[in-house]
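*Asks:* Residue numbers for the sequence shown follow the numbering used here, so the first one is 5 and each next one is one higher.
Dropping a structure here in structure tokens format, bear with me for questions.
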Amino acid sequence: METVWIAGASRGLGAALAHVVSASGCRVVLTARNAPELEKLRTLLPHPENAVVAPADLTQTHDLAALVERIWLEHGGIHRAFFCAGLAQWSNPLTTTPAAEEQLLALNYRFPVQAAKLLAARMLAQGSGQLVAVGSIAAEFGQPESAAYGASKAALERHWESFYAAWAHRGLRVQLMQPGVIQTTIMASALDESGAALGQQAKTHTGQPPEAVAQRLWAAAQTNRFKTYLISPTERLALLLHRWMPTLFYTLLRQRHGTA
Ligand SMILES: NC(=O)c1ccc[n+]([C@@H]2O[C@H](COP(=O)([O-])OP(=O)(O)OC[C@H]3O[C@@H](n4cnc5c(N)ncnc54)[C@H](OP(=O)(O)O)[C@@H]3O)[C@@H](O)[C@H]2O)c1
Numbered sequence: 005m006e007t008v009w010i011a012g013a014s015r016g017l018g019a020a021l022a023h024v025v026s027a028s029g030c031r032v033v034l035t036a037r038n039a040p041e042l043e044k045l046r047t048l049l050p051h052p053e054n055a056v057v058a059p060a061d062l063t064q065t066h067d068l069a070a071l072v073e074r075i076w077l078e079h080g081g082i083h084r085a086f087f088c089a090g091l092a093q094w095s096n097p098l099t100t101t102p103a104a105e106e107q108l109l110a111l112n113y114r115f116p117v118q119a120a121k122l123l124a125a126r127m128l129a130q131g132s133g134q135l136v137a138v139g140s141i142a143a144e145f146g147q148p149e150s151a152a153y154g155a156s157k158a159a160l161e162r163h164w165e166s167f168y169a170a171w172a173h174r175g176l177r178v179q180l181m182q183p184g185v186i187q188t189t190i191m192a193s194a195l196d197e198s199g200a201a202l203g204q205q206a207k208t209h210t211g212q213p214p215e216a217v218a219q220r221l222w223a224a225a226q227t228n229r230f231k232t233y234l235i236s237p238t239e240r241l242a243l244l245l246h247r248w249m250p251t252l253f254y255t256l257l258r259q260r261h262g263t264a
């Protein structure tokens, strides 16, 4: 039985993916900070008997090697890893503190990169494995209120592409998923300029249902494609506009964000 590690599994896209992976018959290892939420999720999965929780704060990079080693040894390896954990931002780029920017980089960029290196060392030795990062279309353009978030996802994309260049021909499937807006509670934990969670000040977040995105993500993970956009037709149009008519794109973006 294949072991699949989902980092950032307690809610949102990671939790929805856990359902899809469990239904596929794989063993699933669920990681996030909130242990009771992980345990609740485990009991609700199609095959709870093939799921385990491994709670951890993934920004504590000095604990990461021990966590990866423990999961690897307990389950006879990790065949596929999905890095879903992420932290959003909604703050003025002028007054956002360096500490808040560091928090975003720590989870969205440094964690998946360090975890991938730890896993790749083992996967390359056995000649197989899969590393799937969840980025964002926010990596592809600038947004006034999400400067560090976009930067963290852009850094992730380039680093992941380098991993692809280094390892894809050596038996590793290295992939990047770029979702558009997903209907999760991500904005409640998004950081304000001081690095505190927005909580109830967060705007309601609409978008694609996480269950639908998880299905598309899992399907894309069965291919050898490096990069897959998990976006709506409107978001696809926005990316084209950004590429070919950037001035108009940013005028419309400012209008939409009420900063025109
Ligand atoms: N929602 C969107 O519109 C959207 C759009 C594009 C891309 N994405 C990306 O998709 C991914 C999933 O987003 P989502 O909407 O599902 O977010 P979410 O609902 O806020 O879930 C985030 C997950 O990350 C975990 N997490 C946060 N900080 C952590 C830490 N320090 N250590 C361990 N786990 C941590 C959370 O669990 P705990 O709090 O229990 O630790 C939770 O399981 C993210 O990478 C996000 O950037 C989302």
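From the three backbone atoms N, C-alpha and C, an ideal C-beta is built for every residue, glycine too.
It should be emphasised that the depicted structure is a prediction, and the values quoted were computed from it without experimental measurement.
Assuming Gly4 contacts Gly154 (C-beta within less than 8 Å), just tell me the rounded distance between them.
*Replies:* A question about residue 4 goes unanswered here, because the residues of the chain that appear run from 5 up to 264.
*Asks:* Touch check for the stretch 18-25 and the stretch 209-222: three-plus C-beta pairs under 8 Å?
*Replies:* yes
*Asks:* Does the distance from the C-beta atom of Val4 to that of Ala194 stay below 8 Å?
*Replies:* Outside the displayed span of the chain (5 to 264) sits residue 4, for which this structure offers no information.
*Asks:* How would you call Trp164, buried or exposed, if buried means at least 16 neighbouring beta carbons within 10 angstroms?
*Replies:* buried
*Asks:* Taking Thr232 as the reference, which of Val178, Leu245 and Ala206 has the closest Cα?
*Replies:* Taking each of Val178, Leu245 and Ala206 in turn and checking the Cα distance to Thr232, the smallest one comes out for Val178.
*Asks:* Return yes when the Cβ of Leu68 is within less than 8 Å of the Cβ of Ala119, no when it is not.
*Replies:* Yes, these two residues count as a Cβ contact at 8 Å.
*Asks:* If you draw a straight line from the C-alpha of Ala152 to the C-alpha of Leu108, how long is it?
*Replies:* 7 Å
*Asks:* Can you tell me whether Trp94 is buried or exposed? The criterion is at least 16 other CB atoms within 10 Å of its CB, across all chains shown.
*Replies:* buried
*Asks:* If distances are taken between C-alpha atoms only, which option among Met249, Thr47 and Val33 comes closest to Gly80?
*Replies:* Val33
*Asks:* With a Cβ-Cβ cutoff of 8 Å, do Gly18 and Ala89 count as a contact?
*Replies:* yes
*Asks:* What's the gap between the Cα of Ser132 and the Cα of Glu73?
*Replies:* 17 Å
*Asks:* Can you look up Ile141 in the DSSP assignment and give me helix, strand or coil?
*Replies:* helix
*Asks:* Using 8 Å as the threshold, is the C-beta distance between Phe115 and Val8 below it?
*Replies:* no
*Asks:* Given 7 Å as the limit, tell me if Pro250 has its C-beta closer than that to any heavy atom belonging to ligand 1.
*Replies:* no
*Asks:* Touch check for the stretch 207-215 and the stretch 182-192: three-plus C-beta pairs under 8 Å?
*Replies:* By the Cβ test, the stretch 207-215 is in contact with the stretch 182-192, since at least three Cβ pairs between them sit closer than 8 Å.
*Asks:* Assuming Glu161 and Ala143 form a contact by the criterion Cβ under 8 Å, report the distance between their Cβ atoms to the nearest whole angstrom.
*Replies:* Indeed they touch by this definition, with Cβ atoms about 5 Å apart.
*Asks:* For a quick check, are the C-beta atoms of Leu49 and Ala13 less than 8 Å apart?
*Replies:* no
*Asks:* Beta-carbon separation of Phe253 and Leu241 under 8 Å?
*Replies:* The beta carbons of Phe253 and Leu241 sit no closer together than 8 Å.
*Asks:* Round the Cβ separation of Ser166 and Tyr113 to the nearest angstrom and send it over; I've been treating them as touching at under 8 Å.
*Replies:* Their Cβ separation, rounded to whole angstroms, is 13 Å, which puts Ser166 and Tyr113 out of contact at 8 Å.
*Asks:* Give a yes or no on whether the C-beta atoms belonging to Gly16 and Thr189 are separated by under 8 Å.
*Replies:* Contact: yes.
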